[in-house]
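Student: Going by our numbering, the first residue of the sequence shown is number 5, and it counts up by one from there.
Idealized CB from N, CA, C, for every residue including glycine.
Remember, predicted model here, so these are calculated numbers, not experimental data.
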Amino acid sequence: MKGLGKYLLGLVYPDLCEVCGRSLVSGEEVLCLHCLDSLPRTGAHGHEFNLLHKRLASTTPVEKAAGYFHYYRESPYVDIIHRAKYGGRPELIEKMARRYARELADTGFFDGIDAIAPVPLHRLKQWRRGYNQSRYIAAGICSIVPLPVVDNLVASRGHASQTSSGVFARWLNAGNVYDVRRPRELDGLHLLVVDDVITTGATLLACCNAIKSAAPSCRVSVLTLAVAHMS
Ligand SMILES: [Zn+2]
Numbered sequence: 005m006k007g008l009g010k011y012l013l014g015l016v017y018p019d020l021c022e023v024c025g026r027s028l029v030s031g032e033e034v035l036c037l038h039c040l041d042s043l044p045r046t047g048a049h050g051h052e053f054n055l056l057h058k059r060l061a062s063t064t065p066v067e068k069a070a071g072y073f074h075y076y077r078e079s080p081y082v083d084i085i086h087r088a089k090y091g092g093r094p095e096l097i098e099k100m101a102r103r104y105a106r107e108l109a110d111t112g113f114f115d116g117i118d119a120i121a122p123v124p125l126h127r128l129k130q131w132r133r134g135y136n137q138s139r140y141i142a143a144g145i146c147s148i149v150p151l152p153v154v155d156n157l158v159a160s161r162g163h164a165s166q167t168s169s170g171v172f173a174r175w176l177n178a179g180n181v182y183d184v185r186r187p188r189e190l191d192g193l194h195l196l197v198v199d200d201v202i203t204t205g206a207t208l209l210a211c212c213n214a215i216k217s218a219a220p221s222c223r224v225s226v227l228t229l230a231v232a233h234m235s
């Protein structure tokens, strides 16, 4: 019945491609096949010292780093992230994460990873938004690769919006924002820290550093959907 209802609803309100607005057909999700084909993929997971790794690994040991697509200001693909974060449609990035995980799983990227740690939002921010988009990314990955999600990181104080402050301010603001609630639970684990976008890398670095200092035996890798270009 649920399937029939969805089918009938789809006849009246078909899902549209988030980039070109065309009606999606069966088997398409978020993007039509044409826009999926044109997605500016980074291919970062294929290179050990890729562009994400470079932003992070100079200050903290990061095992692996993957980012799905390039994030340019004028790119229509950016709207997917914006609608998911600010438009109340987090299912968009859950679906994108599921697609990315499907592509990555074949490359062995998830081999050796024990659990997923979504970057937390400060509780006030999460209350205002109603959800944490990183959890949806974790859920999307878990639907393909059955890994546990650890709810152990906490954002201990708010910081200025990532989009409204300068690069230096972001670095300052992101410092010491994250804490690990129960460090012993992370002992010896290889965690995959996930976030929607990497810009300077400050947020992910702060999370990785919080994990490493609370549980030094922990290893960390990172995954984001989008990789922003800073120039
Ligand atoms: Zn399209």
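#1: Output yes or no for whether 7 angstroms exceeds the beta carbon distance between Phe113 and Val149.
#2: For ligand 1, I want to know if Val34 counts as a neighbour, meaning its beta carbon is within less than 6 angstroms of at least one of the ligand's heavy atoms.
#3: Considering only their Cβ atoms, is the gap separating Ile202 from Leu196 smaller than 7 angstroms?
#4: Hey, could you find the ends of the alpha helix (DSSP H) Leu60 is sitting in?
#5: What I want to know is whether the C-beta of Val23 ends up closer than 6 angstroms to one or more non-hydrogen atoms of ligand 1.
#6: Measure the beta-carbon distance from Val198 to Cys212 and round it to whole angstroms, keeping in mind my assumption that it falls under 8 angstroms.
#7: Considering only DSSP beta bridges, list what Thr228 is partnered with.
#8: According to the neighbour-count rule (16 or more other Cβ atoms, all chains shown, within 10 Å of its Cβ), is Arg103 buried or exposed?
#9: Does the count of Cβ pairs from the stretch 115-130 and the stretch 78-89 closer than 8 angstroms reach three?
#10: So does Arg26 have its beta carbon nearer than 6 angstroms to some heavy atom of ligand 1?
#11: In this structure, does DSSP put Arg93 in helix, strand or coil?
#12: Can Cys39 be considered in contact with ligand 1, in the sense that its beta carbon sits closer than 6 angstroms to one or more heavy atoms?
#13: Compute the Euclidean distance between the alpha carbons of Ala48 and Arg188, then round it to the nearest angstrom.
#14: Look at the alpha carbon of Leu157 and the alpha carbon of Ser138, and state the distance between them as a whole number of angstroms.
Tutor: Reading off the structure:
#1: Here residue 113 corresponds to residue number 109 of the sequence shown, with the count starting at 1. Here residue 149 corresponds to residue number 145 of the sequence shown, with the count starting at 1. Annotated as distal: Phe113 and Val149, with beta-carbon spacing of 7 angstroms or more.
#2: Locating residue 34 in the sequence shown gives position 30, counting from the first residue. Not one heavy atom of ligand 1 falls within 6 angstroms of the beta-carbon of Val34.
#3: On the sequence shown, position 192 is the one that residue 196 refers to. On the sequence shown, position 198 is the one that residue 202 refers to. Taking 7 angstroms as the Cβ cut-off, Leu196 and Ile202 do not qualify as a contacting pair.
#4: Counting from one through the sequence shown, the residue named residue 60 turns up at place 56. Taken as a continuous stretch (DSSP letters only), the alpha helix (DSSP H) holding Leu60 covers 55-61.
#5: Counting from one through the sequence shown, the residue named residue 23 turns up at place 19. Checking the Cβ of Val23 against ligand 1 gives yes.
#6: On the sequence shown, position 194 is the one that residue 198 refers to. On the sequence shown, position 208 is the one that residue 212 refers to. Taking C-beta atoms under 8 angstroms as the contact rule, Val198 and Cys212 fail to qualify, at a distance of about 12 angstroms.
#7: Walking along the sequence shown from the start, residue 228 turns up at place 224. Thr228 is bridged by DSSP to Gly71, Asp199.
#8: Locating residue 103 in the sequence shown gives position 99, where the first residue counts as 1. With 16 or more Cβ atoms within 10 Å of its Cβ, Arg103 is classed as buried.
#9: These segments do not touch.
#10: Working through the sequence shown from its first residue, we reach residue 26 at position 22. With a cut-off of 6 angstroms, the C-beta of Arg26 is classified as near ligand 1, since at least one heavy atom of the ligand falls inside that distance.
#11: Here residue 93 is taken as the residue at index 89 of the sequence shown, counted from 1. Annotated three-state conformation of Arg93 is coil, per DSSP.
#12: On the sequence shown, position 35 is the one that residue 39 refers to. Yes, ligand 1 has a heavy atom inside 6 angstroms of this Cβ.
#13: Here residue 48 corresponds to residue number 44 of the sequence shown, with the count starting at 1. Here residue 188 corresponds to residue number 184 of the sequence shown, with the count starting at 1. Rounded to the nearest angstrom, the two C-alpha atoms are 32 angstroms apart.
#14: Position 153 of the sequence shown, counted from the start, is the residue given in the question as residue 157. Position 134 of the sequence shown, counted from the start, is the residue given in the question as residue 138. Near 12 angstroms, if we compare the C-alpha coordinates of Ser138 and Leu157.
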